[in-house]
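Residue numbers for the sequence shown follow the working numbering, so the first one is 24 and each next one is one higher. Ideal Cβ placement from N, Cα and C applies to all residues, glycine included. Have a look at the structure below before the remarks.
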Amino acid sequence: MIVLVQREPRPDAPYWPGRRLLAAVDAVGWPLAWVVLVHQYPQAAGLVVPVTIVAALCAFFRLSGAIFNNHRYWFTSWWVARFFALLALVGVVMKLALWLSPAVQ
């Protein structure tokens with residue numbers, strides 16, 4: 024039996040002043056971070072040029088989406104911040120659980 028479930032399309036992102044500029048910074052910032060990260064490796068790795076080219080293409084397409092199709096652009100920084108906040112919350116809960124539990128002997 025095959026069950027097909029079609030999700031509803033995401034609603035348009037709310038517009039506010041400065042959103043287009045921040046979306047453009049977000050769209051270019053993450054591929055630029057990839058390039059900076061790859062440039063930290065030794066030049067013998069052979070990844071610098073290919074990753075730089077792919078990152079430039081990604082930055083171009085993300086920037087065009089952020090500027091011309093702004094109502095459909097969702098911030099990557101917001102997703103990454105929520106992910107790391109969740110990781111930090113899990114770490115705090117684990118630390119509290121170890122701190123509150125009686126010592127095992």
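Taking the Cα positions, Val115 is about 28 Å away from Leu60. In terms of Cβ geometry, Arg105 and Ala50 do not form a close pair [threshold 7 Å]. DSSP places Ala104 inside the alpha helix (DSSP H), whose first and last residues are Thr99 to Leu123. Closest in alpha carbon position to Ala82, among Tyr64, Arg43, Ala56 and Gln66, is Ala56. Ranked by Cα distance from Ile90, the options Gly41, Ala111 and Leu80 are led by Gly41. Collapsing the DSSP output to three states places Asp35 in coil. Boundaries of the alpha helix (DSSP H) harbouring Ile90: Val71 to Phe91, taken from the DSSP string. Under the three-state reduction of DSSP, Arg43 is assigned to helix. Taking a 10 Å sphere around the C-beta of Pro37, we find fewer than 16 other C-beta atoms and assign the residue as exposed.
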